[in-house]
Structure formats: C-alpha cells, structure tokens
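Numbering (our numbering), first residue to last: 6 to 187. In this text, a Cβ means the ideal position worked out from N, Cα and C, and glycines have one as well. Just so you know, these numbers come straight off a predicted model, no measurement behind them. Read the structure below first, then the notes.
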C-alpha cells in the first residue's frame with residue numbers, strides 16, 4: 006500500500022493490484038446481468054458493415070464498463086471511445102493525468118505496433134510496464150479474428166482500481182458475440 010499524500014488514505018500499489026487480480030480466478034468471472042448481456046447482444050444490430058458494427062459494440066462496452074475502450078482492426082485502423090469515462094475519475098481531475106492519458110490515445114497506433122504481436126489469446130490483464138499505454142492505466146484485452154482471418158484487438162483501458170471481474174466478463178461476452186455465439 007502507498008499513501009499518495011499526508012491526508013490521503015492508503016491505496017494498493019501495482020504489485021498489490023497484480024496480486025489481487027491473479028487471485029480473482031477471472032475465468033470464473035461473474036455472469037453478466039441480463040440487461041448488460043442484452044445491450045451487448047443488440048449493439049451489433051443489423052448493421053452489415055463489419056467495422057461499424059464493431060464500433061457500436063465498443064461504444065456499448067465503454068458505457069457498461071465506464072472505462073475507455075480501444076478497438077484495433079490493425080495498427081492503421083484504430084477506434085477508441087469512452088475517454089470521458091476515464092477523464093471523469095477523481096485521480097484525473099488534475100491536468101497532468103489528463104495530459105498523460107490523452108497523449109497515449111493521440112499516439113495509440115505507435116503503442117499498438119509491438120503490442121498486437123505480444124497479446125496472448127484469450128482475455129488478459131496487463132499492468133504498468135506490461136503494456137505500452139502508460140503506467141497509470143491497466144488494460145484488459147481480447148484478440149479476435151474476422152471471417153478473413155484478419156486479426157484485431159479490443160481493450161478496456163482504465164485506472165488500476167477498475168472492476169477487473171466485471172470487465173473480464175464483459176470482454177468474454179464480446180468475444181462470444183464477435184465469434185457468433187448467442
């Protein structure tokens with residue numbers, strides 16, 4: 006635990022969050038409430054445009070997670086949403102935090118270049134130096150493929166105190182929807 010300043014309470018360090026997440030047994034993630042499951046299921050809608058349907062899914066994911074979501078179809082085709090969710094967090098009320106995180110999103114293509122190749126299959130959680138998006142953020146990511154075997158990646162990005170179990174369950178459902186499991 007650390008104490009950010011004299012009058013502050015104690016908060017877990019990155020090591021503390023890592024220990025917490027490793028012992029959560031995320032694979033046994035809680036089942037999503039029916040309403041959230043329905044929102045995700047309907048977000049693809051009847052839109053036959055592959056990219057737009059995935060963007061709709063990312064918007065719903067950002068709304069349900071209350072975090073930022075980054076969707077990469079490849080390095081040169083990146084979509085992100087939910088930045089207002091991040092910037093509304095109390096830790097980011099100071100301008101320095103906002104500037105640091107906004108720079109990450111301004112240069113997300115550069116950050117993704119090596120990261121796309123390193124992402125393991127399944128749903129994974131990355132902290133601090135495990136990912137290129139800045140030490141302030143944690144990342145819950147899931148790779149996917151389209152019917153042409155083109156790889157993509159969807160990530161929930163938030164502060165280390167995010168709800169990992171809920172976000173894992175959300176991404177698990179998103180992967181099922183993308184692969185056609187209803």
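If the criterion is Cβ atoms closer than 8 Å, does the pair residue i and residue j meet it?
i           : j           : result
residue 139 : residue 109 : yes
residue 103 : residue 92  : yes
residue 128 : residue 74  : no
residue 37  : residue 170 : no
residue 144 : residue 136 : yes
residue 56  : residue 121 : no
residue 72  : residue 167 : yes
Using the Cα positions of residue i and residue j, report the straight-line distance between them to the nearest angstrom.
i           : j           : result
residue 78  : residue 12  : 45 Å
residue 39  : residue 46  : 10 Å
residue 164 : residue 53  : 34 Å
residue 180 : residue 58  : 14 Å
residue 173 : residue 148 : 13 Å
residue 155 : residue 61  : 19 Å
residue 118 : residue 176 : 22 Å
residue 21  : residue 15  : 12 Å
residue 44  : residue 94  : 24 Å
residue 42  : residue 50  : 13 Å
residue 17  : residue 23  : 10 Å
residue 115 : residue 35  : 34 Å
residue 98  : residue 27  : 29 Å
On the criterion of 16 or more Cβ atoms from any shown chain inside 10 Å, does residue i qualify as buried, or is it exposed?
i           : result
residue 25  : exposed
residue 48  : buried
residue 1   : Not covered by the structure: residue 1. The range shown for the chain is 6 to 187.
residue 187 : Residue placement at residue 187 is flagged as unreliable, the pLDDT there being 49, under the threshold of 50; a coordinate-derived value is accordingly withheld.
residue 178 : buried
residue 123 : exposed
residue 150 : exposed
Could you name the residues that DSSP lists as bridge partners for residue i?
i           : result
residue 75  : 85, 160
residue 129 : 146
With residue i and residue j assumed to form a contact (beta carbons below 8 Å), what rounded beta-carbon distance in angstroms separates them?
i           : j           : result
residue 113 : residue 85  : 7 Å
residue 161 : residue 70  : 5 Å
residue 142 : residue 106 : 7 Å
residue 90  : residue 67  : 6 Å
residue 19  : residue 157 : The pair is not a contact, with the Cβ atoms about 28 Å apart (cut-off 8 Å).
Measuring only between beta-carbons, confirm whether residue i sits less than 8 Å from chain D.
i          : result
residue 25 : No chain D appears in the structure shown, which is made up of a single protein chain.
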